[in-house]
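Written below as C-alpha cells is the structure these notes are about.
Numbering (this note's numbering), first residue to last: 198 to 309.
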C-alpha cells in the first residue's frame with residue numbers, strides 16, 4: 198500500500214467516524230425529545246429512533262417531532278372518545294346510595 202493509499206484510507210475512516218458520530222449525536226437529541234414527551238419504553242423508543250434518525254440533524258429532529266405530534270394527536274383523540282362515555286355525576290340529591298331525597302321521603306312516608 199502506497200503512502201497515498203494509506204492517507205486515503207485514513208481519510209475514509211475519519212469520514213466514516215464523523216458520519217457515525219453525527220448520527221449518534223442526532224440519535225441522542227431525538228431520544229431526548231421523545232423522553233421529554235413521555236415515551237419511556239426503551240424498546241419502543243429504540244425502534245422509533247431507528248426509523249427517524251439519520252445523518253442530518255434538522256431532518257432527524259423534524260421526524261422525531263412529527264412522530265411525537267402524531268402520538269399526541271392519537272392520544273388526544275382517544276381521550277376525547279373516552280370522555281364522551283363519561284356520565285355527568287349526580288347533582289348531590291340523596292345520601293349517596295343512588296336514591297334521590299324524594300324517593301327516600303316517599304319510602305319513609307309509606308312506613309308511617
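Quick reminder that beta carbons are idealized off the backbone N, C-alpha and C, glycines included. Bear in mind the structure is a predicted one, so any value in this text is a computation, not a measurement.
Pairing residue 304 with residue 233, the inter-Cα distance amounts to about 57 angstroms. In this structure, DSSP gives residue 277 a helical state, which the three-state scheme calls helix.
The Cβ atoms of residue 255 and residue 230 do not sit closer than 7 angstroms to each other. In this structure, the CA atom of residue 215 is about 34 angstroms from the CA atom of residue 269. Separation of residue 203 and residue 217 (C-alpha to C-alpha, rounded to the nearest whole angstrom) is 21 angstroms. Taken atom to atom, the span from the alpha-carbon of residue 242 to that of residue 225 is near 11 angstroms.
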